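For reference, the structure is listed below as structure tokens.
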Amino acid sequence: MAQFDVHSIDGHGLVVNCQSDLLSDLRSRVVAPLRQPDEPSVSQSRLNPLVTVHQTEYRVAVQFLRAVDSRQLGEKIGSLLDYEYDLKAAIDMVVGGL
Numbered sequence: 010m011a012q013f014d015v016h017s018i019d020g021h022g023l024v025v026n027c028q029s030d031l032l033s034d035l036r037s038r039v040v041a042p043l044r045q046p047d048e049p050s051v052s053q054s055r056l057n058p059l060v061t062v063h064q065t066e067y068r069v070a071v072q073f074l075r076a077v078d079s080r081q082l083g084e085k086i087g088s089l090l091d092y093e094y095d096l097k098a099a100i101d102m103v104v105g106g107l
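If you read the sequence shown in our numbering, its first letter stands for residue 10, the second for the next number, and so on.
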């Protein structure tokens, strides 16, 4: 499970793994949910980067970061590595207020 891989979670929606690969030995993963762009819980700001997975647009709801047991995650269905800069900027905004 690499950083920025996209997985289904318990069959209910998609999440992106935001956890550093340096912590891959842990059984937990820090993830952020992918939400439809028009959902009220996400905004059109850098806090919620707009990404595309299999020709479908989502906003990453970084404000809802959470730790989950890695066994809750399904198979990898995509990667958001191309959005690394935007995702890290959003995480920095939540954690450091930057």
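Even glycine gets a Cβ: it sits at the ideal position worked out from N, Cα and C.
Here the structure is a predicted model, which means the values were calculated and not measured.
Does the distance from the C-beta atom of residue 15 to that of residue 87 stay below 9 Å?
-> Taking the first residue of the sequence shown as position 1, residue 15 is located at position 6. Taking the first residue of the sequence shown as position 1, residue 87 is located at position 78. Closer than 9 Å, so yes.
_Closer than 8 Å is the cut-off here; do at least three beta carbon pairs connect the stretch 74-84 with the stretch 44-61?_
no
- Message: On the criterion of 16 or more Cβ atoms from any shown chain inside 10 Å, does residue 23 qualify as buried, or is it exposed?
- Response: Translated into the one-based positions of the sequence shown, residue 23 becomes position 14. Buried is the call here.
(request) Return the CA-CA distance between residue 31 and residue 10, expressed in angstroms with no decimal places. (result) Position 22 of the sequence shown, counting from 1, holds the residue named residue 31. Position 1 of the sequence shown, counting from 1, holds the residue named residue 10. Taking the straight line from one Cα to the other gives about 11 Å.
Residue ranges of each beta strand (DSSP E) within the stretch 49-80, 3 or longer
59-62, 65-69, 75-78
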